[in-house]
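In the working numbering, the protein residues as written are 133 to 286.
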Ligand SMILES: [Ca+2]
Ligand SMILES: [Ca+2]
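Have a look at this one:
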């Protein structure tokens, strides 16, 4: 029985790893309908949702968390380039804010910051700019401005 349990665990772990690896390797050849389900796109073992409407940063985040996701955390240049590509370089909210403490930028999960700030950003140009958008690079904006957004989940 113990052996069977271990075997099942091993098979399900390996199966998960395998399908993830296969999807990454053969991403280009996978039919479109496999990528996109209810607006979610699969890329590099993560699911992304690109909004078609606009909301404030807080409302955007709520949309994501109500669906078991959160605003996107951009972990590396590859992810930044992917997001720029799939949004056609449109402005989107990302999961970065300094609303806890001015000048201390934090991802929504508290993870470390990889900086892709645009020239002269963050600059709090119109006053309180506590939330961050991606548009090729990052810029801080007032959180109550409305933009499209991207959710990310496992
Ligand atoms: Ca990410
Ligand atoms: Ca700014």
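Cβ atoms here follow ideal geometry from the backbone N, Cα and C, with glycine treated the same way.
Residue 184 and residue 205 have their alpha carbons spaced roughly 19 angstroms apart.
Looking at the DSSP output, residue 213 bridges to nothing. Our two residues, residue 264 and residue 180, have alpha carbons roughly 18 angstroms apart in a direct line. In the three-state scheme derived from DSSP, where H, G and I count as helix and E and B as strand, residue 284 is classed as strand. Judged by pairs of C-beta atoms under 8 angstroms, the stretch 228 to 244 does not touch the stretch 211 to 219, as fewer than three such pairs exist.
In the three-state scheme derived from DSSP, where H, G and I count as helix and E and B as strand, residue 192 is classed as helix. Proximity to residue 241 across 226, 258 and 257 peaks at 226, based on C-alpha coordinates. The beta carbon of residue 268 lies closer than 8 angstroms to those of 216, 221 and 250 in the same chain, with the five residues before and after it left out. At a Cβ-Cβ threshold of 7 angstroms, residue 273 and residue 284 do not count as neighbours. Bridge pairing for residue 203: 283 [DSSP].
Membership of residue 273 in the beta strand (DSSP E) is indicated by the continuous run 269 to 273. Taking C-alpha positions only, residue 197 is separated from residue 246 by approximately 23 angstroms.
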